[in-house]
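Numbering (the working numbering), first residue to last: 65 to 286.
Notes follow the structure.
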Ligand code: SF4
């Protein structure tokens, strides 16, 4: 596979971060509190799959592993789209090997709406860009996407799934993504390490897991 949603967002935060992910992932240090947040986000996403009732999940693992078999997921998704399955979770798409897996697709009269689930109390700009990347891949795969929602974590724990519509903002990311995705594709394959001076991108919008490697001491800037 070429560029995933995560690759794109990380590469746009810092190209060196993407290069290190591909070539030297062993240098990554994920703080325990960040890992706990990621785990909580995954658990929230799993719960959200049922927010519209019965659903079909597209996740397929390589035999004997917990590594997703992306090609098999893409194939399975195509079968469910052709069958008109009403709610499809972890729907996978690939275009020139660029790849995304969409949290929830919900069939409408004209195609599908899609829902990106975030375990956060409000919509942040990077969430909209995430959704925009998925829209880009699906649009290039000729999937008819109507509305786009970010599902945030509301205050009612009995029903915490609150969809916020971001259709216009997410669809407007199409050109920005097309303007960068091919450069990121080329760059991640570079045999030479990408040079980048440490700066604000080391903490915004996300703390970089290579902070110690690039700063030489593992300590945050003051
Ligand atoms: S620490 Fe900073 S310069 Fe190094 S990879 Fe991360 S974002 Fe890039």
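Quick reminder that beta carbons are idealized off the backbone N, C-alpha and C, glycines included.
All figures in this text were calculated on a predicted structure; none of them were measured in a lab.
For residue j and residue i, the rounded distance between their alpha carbons
i: residue 255; j: residue 84; result: 11 Å
i: residue 280; j: residue 80; result: 15 Å
i: residue 178; j: residue 226; result: 14 Å
i: residue 282; j: residue 269; result: Only weak support exists for where residue 282 lies, its pLDDT of 49 falling under 50; the value from the coordinates is given anyway. Distance between the alpha carbons of residue 282 and residue 269: 19 Å.
i: residue 89; j: residue 264; result: 22 Å
i: residue 67; j: residue 251; result: 11 Å
Integer-rounded CB distance, given that residue j should sit under 8 Å from residue i
i: residue 182; j: residue 216; result: 6 Å
i: residue 202; j: residue 153; result: In fact, because the Cβ distance is near 15 Å, the residues do not count as touching under 8 Å.
i: residue 102; j: residue 274; result: In fact, because the Cβ distance is near 16 Å, the residues do not count as touching under 8 Å.
Proximity to residue i [Cα-Cα], best of the options
i: residue 258; options: 75, 69, 70 and 68; result: 75
i: residue 234; options: 195, 172, 122 and 223; result: 195
i: residue 119; options: 185, 248, 144 and 247; result: 144
i: residue 198; options: 230, 132, 218 and 127; result: 230
Range covered by the beta strand (DSSP E) that runs through residue i
i: residue 167; result: 162–171
i: residue 67; result: Note, residue 67: premise wrong, no beta strand (DSSP E); not H, not E.
i: residue 156; result: 151–159
i: residue 176; result: 176–181
Residue i at chain D interface by Cβ criterion, 8 Å
i: residue 151; result: Absence of chain D from the displayed structure is noted, only one protein chain being present.
Boundaries (first-last residue) of the alpha helix (DSSP H) holding residue i
i: residue 103; result: 96–112
Counted within 10 angstroms of its Cβ, other Cβ atoms place residue i as buried (16 or more) or exposed
i: residue 165; result: buried
i: residue 94; result: exposed
i: residue 107; result: exposed
i: residue 141; result: buried
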